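Here the structure comes first, spelled out in structure tokens, and everything after it is commentary.
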Amino acid sequence: MHLLCCEVLRPELQWLCDRLALTPDIRYLEQGLHDRPDELRQRLQEAVNELEARGVPRILLGYGFCGRGLWGVSTCRATLVMPRVHDCIPVLLGCAQQDMESVSREGSTYWMSPGWLRYSQLDFIQRREERQREFEQRYGKDNADFLMDQERQWLRNYTNACLICRDGFPSSAEVERDARFVAEDAGLPYRSVTGRDDFLRALLTGGHDQRFLTLLPGQTPDVDADGRIVATAKR
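Residues 1 to 235, numbered by UniProt numbering, are exactly what the sequence shown covers, in order.
Listed below in structure tokens is the structure:
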């Protein structure tokens, strides 16, 4: 099995592979590509092309639609399979996309996981002083203060911060400590939920159920009028 995957899922997938004695061929792409959808699309397409050139007939994607970051990704001969979700949170929780509203408390939850903490959230906080200095050097202190305030504006959309944890996961105490730190830094009350492994297991074993979207050659993922992830002909 060949899987192209965001590194945010690396901690859980490595843990499950060890537990289940699975040895899939997984290539991880950096989390920061989510902030650059065009580059994400390009890098993922290049990786898909490489696997197609090797004659791989079925390629799994460890991605949601990711803000249209996967729109346009397609194959010439191979079949693509991806979770039918907008982002990776349903995969980590183990729930379908349509169940997210109730789980996320009306969309107001700032989600955390071992991968999000490691590859994004902690680094974002730790580099804050560095960004402040860079802004001051480029724009002056007043403008730098304004930009740093704007940087935090998006957090005001959330009412709580929630860690997706797992029973038996290694370094759980360290992960919880980091999650509490991130929640406190964001000024949000902390909570945690236990994610189910069935969605991740299904991904590691080929994505054969209704939670996954199958893309035939020439098809690419898109969103329909009802917000569902669907296969469409690449234009």
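Backbone N, C-alpha and C fix where the C-beta goes; we use that ideal spot for every residue, glycine too.
Everything numeric in this text was worked out from a predicted model, so none of it was measured.
Coarse secondary structure for residue i, derived from DSSP in three states
| i | result |
| --- | --- |
| D178 | helix |
| D142 | helix |
| C66 | coil |
| R105 | For R105, the predicted structure reports a pLDDT of 49, less than 50, and the residue's modelled location is therefore unreliable. The matter cannot be settled from this model. |
| S171 | coil |
| D226 | coil |
| V8 | helix |
| G115 | helix |
| V48 | helix |
| S120 | helix |
| W71 | coil |
| E130 | helix |
| E151 | helix |
| C17 | helix |
Sheet register partners of residue i (DSSP bridge)
| i | result |
| --- | --- |
| H2 | D25, I59 |
| P83 | F212 |
| P221 | A231 |
Opening and closing residue of the beta strand (DSSP E) in which residue i lies
| i | result |
| --- | --- |
| W111 | 109-112 |
| R191 | 190-194 |
Straight-line Cα distance separating residue j from residue i
| i | j | result |
| --- | --- | --- |
| R186 | G195 | Note that residue 186 corresponds to Ala in the displayed sequence, not to Arg. Going from the Cα of A186 to the Cα of G195 covers about 23 Å. |
| T232 | P221 | 6 Å |
| D209 | L33 | 28 Å |
| Q126 | E134 | 14 Å |
| D25 | Q121 | 27 Å |
| G140 | E129 | 15 Å |
| E184 | L155 | 12 Å |
| E39 | E46 | 10 Å |
| R211 | Y158 | 27 Å |
| residue 238 | C6 | This structure leaves residue 238 out entirely; the chain is present only between 1 and 235. |
| P189 | G64 | 27 Å |
| V193 | D167 | 10 Å |
Extent of the continuous alpha helix (DSSP H) run through residue i
| i | result |
| --- | --- |
| C165 | Taken as a continuous stretch (DSSP letters only), C165 belongs to no alpha helix (DSSP H), being part of the beta strand (DSSP E) at 160-165. |
| R36 | First-last for R36: undefined, no H or E at that position. |
| V91 | 89-93 |
| L203 | 198-204 |
Are the region 67-77 and the region 206-220 touching by the rule of at least three beta carbon pairs closer than 8 Å?
-> yes
When the Cβ atoms of the region 76-85 are set against those of the region 109-121, are three or more pairs found closer than 8 Å?
-> no
Spell out a yes or no on whether the region 50-57 and the region 135-150 are touching, meaning 3 or more CB-CB pairs, one atom from each, closer than 8 Å.
-> no
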